[in-house]
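Sequential numbering of the sequence shown, starting at 1, is according to full-length UniProt numbering. In this text, a Cβ means the ideal position worked out from N, Cα and C, and glycines have one as well. Following: one structure in C-alpha coordinates, then a few remarks.
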Amino acid sequence: MFSVLYSKNGTSKRAESGSQFSFNTQYLSLSAGPAWRINPYVSVYGLVGASSLRSDLEYRTPSQRKVRKKSKRRLRAKPRSRGSIHHVHEFSSDYGLVGGVGVQFNLSKNLVLDTSWEYSWLRNNRISSWGMGLGYRF
(Lines of atoms letter the chains of each structure in order from A; the text may use other names.)
(Lines give C-alpha, C1' and ligand atoms only; values in the text may rest on other atoms or scores of the structure.)
Protein backbone atom coordinates (compact mmCIF):
# COMPACT_ATOMS: atom_id res chain seq x y z
CA MET A 1 0.00 0.00 0.00
CA PHE A 2 1.28 3.51 -0.83
CA SER A 3 -0.22 6.79 0.41
CA VAL A 4 0.30 10.48 -0.40
CA LEU A 5 -1.52 13.13 1.65
CA TYR A 6 -1.33 16.84 0.82
CA SER A 7 -3.19 19.59 2.64
CA LYS A 8 -3.05 23.37 2.21
CA ASN A 9 -4.86 25.76 4.56
CA GLY A 10 -4.85 29.51 4.94
CA THR A 11 -6.60 32.47 6.46
CA SER A 12 -6.39 36.20 5.96
CA LYS A 13 -7.95 39.04 7.96
CA ARG A 14 -8.01 42.82 7.57
CA ALA A 15 -8.95 45.28 10.33
CA GLU A 16 -10.48 48.73 9.91
CA SER A 17 -7.19 50.22 11.12
CA GLY A 18 -5.50 48.89 7.99
CA SER A 19 -3.70 45.99 9.67
CA GLN A 20 -3.48 42.75 7.70
CA PHE A 21 -2.80 39.23 8.97
CA SER A 22 -2.37 36.03 6.96
CA PHE A 23 -1.38 32.50 7.99
CA ASN A 24 -0.84 29.62 5.56
CA THR A 25 0.20 26.00 6.11
CA GLN A 26 1.16 23.15 3.79
CA TYR A 27 1.32 19.53 4.96
CA LEU A 28 2.70 16.63 2.92
CA SER A 29 3.18 12.99 3.90
CA LEU A 30 4.51 10.03 1.92
CA SER A 31 4.02 6.59 3.42
CA ALA A 32 3.95 2.91 2.50
CA GLY A 33 3.21 -0.38 4.21
CA PRO A 34 1.69 -3.85 4.01
CA ALA A 35 -1.96 -4.71 3.39
CA TRP A 36 -3.86 -7.80 4.56
CA ARG A 37 -7.01 -9.11 2.90
CA ILE A 38 -9.47 -10.22 5.59
CA ASN A 39 -12.04 -11.54 3.11
CA PRO A 40 -13.02 -10.72 -0.50
CA TYR A 41 -14.67 -7.48 0.66
CA VAL A 42 -12.41 -6.06 3.41
CA SER A 43 -8.67 -5.27 3.59
CA VAL A 44 -6.68 -3.58 6.37
CA TYR A 45 -3.30 -1.88 6.03
CA GLY A 46 -0.59 -0.12 8.02
CA LEU A 47 1.59 2.79 6.89
CA VAL A 48 4.97 4.27 7.90
CA GLY A 49 6.75 7.18 6.22
CA ALA A 50 7.91 10.80 6.32
CA SER A 51 5.98 14.07 6.69
CA SER A 52 6.61 17.78 6.23
CA LEU A 53 4.84 20.89 7.58
CA ARG A 54 5.52 24.41 6.28
CA SER A 55 4.05 27.52 7.91
CA ASP A 56 4.01 31.08 6.62
CA LEU A 57 2.91 33.99 8.86
CA GLU A 58 2.62 37.56 7.62
CA TYR A 59 1.50 40.62 9.55
CA ARG A 60 1.35 44.18 8.23
CA THR A 61 0.24 47.27 10.09
CA PRO A 62 0.41 50.98 9.24
CA SER A 63 3.09 52.75 11.26
CA GLN A 64 1.87 54.53 14.36
CA ARG A 65 2.71 58.02 15.52
CA LYS A 66 1.67 59.82 18.66
CA VAL A 67 -0.58 62.82 18.20
CA ARG A 68 -1.42 65.28 20.97
CA LYS A 69 -5.07 66.11 21.55
CA LYS A 70 -6.14 69.68 22.21
CA SER A 71 -6.22 69.06 25.97
CA LYS A 72 -2.51 68.12 25.90
CA ARG A 73 -3.16 65.69 28.75
CA ARG A 74 -3.38 62.45 26.81
CA LEU A 75 -1.53 60.95 23.90
CA ARG A 76 -3.25 58.67 21.48
CA ALA A 77 -1.98 56.54 18.63
CA LYS A 78 -3.24 57.43 15.19
CA PRO A 79 -2.35 55.46 12.08
CA ARG A 80 -0.68 57.43 9.32
CA SER A 81 -2.54 57.39 6.08
CA ARG A 82 0.76 57.61 4.20
CA GLY A 83 4.10 56.47 5.43
CA SER A 84 6.07 53.41 6.35
CA ILE A 85 4.47 50.07 7.09
CA HIS A 86 5.55 47.64 9.79
CA HIS A 87 5.91 44.25 8.17
CA VAL A 88 6.58 40.91 9.89
CA HIS A 89 7.09 37.79 7.79
CA GLU A 90 8.01 34.43 9.36
CA PHE A 91 8.50 31.11 7.61
CA SER A 92 9.06 27.79 9.36
CA SER A 93 9.56 24.24 8.17
CA ASP A 94 9.26 21.02 10.18
CA TYR A 95 9.92 17.37 9.25
CA GLY A 96 9.20 14.08 10.98
CA LEU A 97 7.76 10.57 10.90
CA VAL A 98 4.24 9.47 10.07
CA GLY A 99 2.31 6.31 10.87
CA GLY A 100 -1.19 5.23 10.00
CA VAL A 101 -3.78 2.50 9.61
CA GLY A 102 -6.64 2.05 7.20
CA VAL A 103 -9.48 -0.15 5.99
CA GLN A 104 -10.64 -0.73 2.42
CA PHE A 105 -14.10 -1.99 1.51
CA ASN A 106 -14.64 -3.50 -1.94
CA LEU A 107 -18.09 -2.22 -2.88
CA SER A 108 -18.02 -3.95 -6.27
CA LYS A 109 -15.46 -5.60 -8.56
CA ASN A 110 -13.91 -2.24 -9.50
CA LEU A 111 -15.06 0.20 -6.79
CA VAL A 112 -13.25 0.59 -3.43
CA LEU A 113 -14.14 2.72 -0.38
CA ASP A 114 -11.07 3.61 1.70
CA THR A 115 -10.89 5.14 5.18
CA SER A 116 -7.68 5.84 7.08
CA TRP A 117 -6.14 7.56 10.10
CA GLU A 118 -2.68 9.11 10.07
CA TYR A 119 -0.53 10.60 12.86
CA SER A 120 2.65 12.66 12.36
CA TRP A 121 5.39 13.17 14.93
CA LEU A 122 7.16 16.37 13.92
CA ARG A 123 9.86 18.11 15.97
CA ASN A 124 7.54 20.87 17.22
CA ASN A 125 4.08 19.66 16.22
CA ARG A 126 1.79 16.64 16.28
CA ILE A 127 -0.76 16.19 13.50
CA SER A 128 -3.65 13.73 13.43
CA SER A 129 -5.80 13.35 10.32
CA TRP A 130 -8.65 11.21 9.06
CA GLY A 131 -9.15 10.48 5.40
CA MET A 132 -11.80 8.89 3.24
CA GLY A 133 -11.62 8.10 -0.43
CA LEU A 134 -13.35 6.36 -3.28
CA GLY A 135 -11.16 4.41 -5.69
CA TYR A 136 -11.54 2.67 -9.01
CA ARG A 137 -9.63 -0.53 -9.78
CA PHE A 138 -8.48 -0.97 -13.39
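Assigned exposure category for SER92 - 16 Cβ within 10 Å defines buried
exposed
Delimiting residues of the beta strand (DSSP E) encompassing LEU111:
111-122
Which term fits ILE38, buried or exposed, when burial requires 16 or more other beta carbons within 10 angstroms of its beta carbon?
exposed
Residues bridged to GLY102 by DSSP?
TYR45 and SER116
For the region 42-53 and the region 88-107, state whether three or more C-beta atom pairs, one from each stretch, are separated by less than 8 Å.
yes
Test item: CB-CB of GLY46 and VAL101 under 8 Å:
yes
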